[in-house]
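In what follows, a single structure is set out as structure tokens and then discussed.
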Amino acid sequence: MPRRYRFGRRGSRPFVSLNSFRPPSARIPQGYPVDFGLTSEQELLRRTARDLLADRAPMARVRQMIADDSGLDDADWRRMAALGWQGLVVPEQYGGAGLGLLELAIVLEEMGRALLPGPFLASTLAALALVVGGSDAQRARWLPRICDGSTRATFALVEESGRWDPAAVAARAQSGGEALVLSGTKRFVPEAAGADIIVCAVRRDDGALGLVLVEAGARGVTIAPLATMDRTRRVDDVVLDGVRVDAEQVLPCDAATVVVRLLDRGRVMLAADMAGGAERVLEMTVEYAKVRRQFGRSIGSFQAIQHQCADMSVEVEKAKAATYYAACADAEAAADAALAAAQAKAIAGDAYRFVTARAIQIHGGIGFTWEHDLHLYFKRAQSGEMTFGDATSCRELAAQRLGL
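Under this note's numbering, the letters of the sequence shown match residues 1 to 404, in that order.
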């Protein structure tokens, strides 16, 4: 059962105030509460997600997906679509649910608990690019297909520098008559091998950033899978060699602004996944400490183990609080939504890595064996740390947004 977090004043004494961390324009009036309790509909969404993932993606099946590199099959992808997950943040007129980042975070938290492989986060981010920056025709063509599960999408930003930064984009989009000709390599593109369309960030002739829709099967597109530590998340290089895209495939938007917004939302989405994974690892560790016996008693009875579990619990609660605050801030278009997104990713990333490392210590030798599930969570924590910027870069971003 999720806890409720309230920020403001208790009587005449302030408690857990966030105003000291906010720019003046975003400060909450004294006495104004922020309630992170979920509605009955949101609780139903959480229970539905947890039940479906327990049924369709138990850890044995996740391991099978990893072993044969099959990923999430079409049947389960369409089953998720039938529940409306792929369209949670897509407007209703395009076949979506028209909900916000909070509902999306609820589902992603459950996916993080289950270590679900697959393109859900990448496809949702690409859909958001169309929602925010696409034309009416582009939305009408692609969003219904993403929502019903018939089309998988992904988003390509990073290049050789490895930076999640619009300024680092160097792939070229040169004028070629009535079309643009794309050249360059996009690196670490999530789930590109299984995608039908790729939203690519490119550099135009005038030096401005652009976003274009590239069909994965187009001539000149080569997708090369990358071997990474975390096999629950597949990433690929996408080589663009003279790929021609017409005007209908160019998103008519201020691409630099859209990319920054997408990265912030991606940070919140990934923070939710990390918070869910960290919470599950904490549960696994507490369960193990209750049954593992040493010196004639359960190791959970030793104060040193209790302290470590308490520290892990604090980190999990910090991650969840920061994530849900950021999701709520985005849903309400709060002035500090961008700041909250950077903070959430930093806090959740630190928490996930801390919790998985401590869990392996408490489990002892069995904790890093292939047969135990802990190493899968540990690797997911490490790969998540490098996606959308690590904790250090996210804190630097937060400091910039605070004007420091």
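We put the beta carbon where it would ideally sit given N, CA and C, even for glycine.
Residue i, buried or exposed, once every other Cβ within 10 Å from all chains shown has been counted against 16
i, result
"Q64", "exposed"
"D330", "buried"
"F368", "exposed"
"M229", "exposed"
"E109", "buried"
"L44", "exposed"
"R267", "buried"
"D350", "buried"
"E208", "According to the sequence as given, residue 208 is Ala; it is not Glu. A208 should be labelled exposed."
"A203", "Looking at the sequence provided, one finds Arg at residue 203 rather than Ala. Flag for R203 reads buried."
Reduced DSSP secondary structure (H/G/I, E/B, other) of residue i
i, result
"D246", "strand"
"V199", "strand"
"P190", "strand"
"Q89", "The residue you asked about is not Gln; residue 89 is Val in the sequence shown. Looking at V89 - three-state DSSP - the assignment turns out to be coil, as it is neither helix nor strand."
"A321", "helix"
"V169", "coil"
"P117", "coil"
"R78", "helix"
"S298", "strand"
"A344", "helix"
"P144", "helix"
"V238", "strand"
"A310", "helix"
"E41", "helix"
"E159", "coil"
Reference residue i; option with closest CA among the options
i, options, result
"G118", "D76, L157, E41", "D76"
"R187", "E92, R61, A171", "A171"
"R163", "F388, R395, A275, L72", "F388"
"E103", "A348, G133, M269, A153", "M269"
"S123", "P58, V181, Y324, V189", "V189"
"R380", "L116, T185, Q400, P225", "L116"
"R113", "A153, L374, A129", "L374"
"A348", "I223, A326, V245, M284", "A326"
"L121", "Q93, T154, E92, S135", "T154"
"A278", "E385, D196, I197", "E385"
"R280", "V169, T185, M111", "M111"
"G134", "A256, L213, R145, G149", "L213"
Beta-carbon proximity list for residue i, same chain, < 6 Å, skipping 5 on both sides
i, result
"L83", "none"
"D446", "What is shown of the chain runs 1 to 404, which leaves residue 446 out entirely."
"S25", "Bear in mind that a pLDDT of 47 at S25, under 50, signals an unreliable position, so the number given afterwards is only what the model happens to contain. Excluding positions up to five away in sequence, the list reads A335."
Cβ neighbours of residue i in the same chain (closer than 7 Å, five flanking residues each side left out)
i, result
"R261", "V132"
Own chain partners of residue i with C-beta closer than 8 Å, once the 5 adjacent residues on each side are dropped
i, result
"A193", "I223, P225, R234, D236"
"H372", "H363, I366"
- On the three-pair Cβ rule with 8 Å, is the region 244-259 touching the region 292-312? no
- Message: With three or more C-beta pairs closer than 8 Å as the rule, is the region 306-313 touching the region 137-153?
- Response: no
- For the 8 Å Cβ check, are there 3 or more pairs between the region 353-372 and the region 81-98? With contact defined as three or more Cβ pairs closer than 8 Å, the region 353-372 and the region 81-98 are not in contact.
- Message: Would you call the region 211-221 in contact with the region 270-288, where contact means no fewer than 3 C-beta pairs closer than 8 Å?
- Response: no
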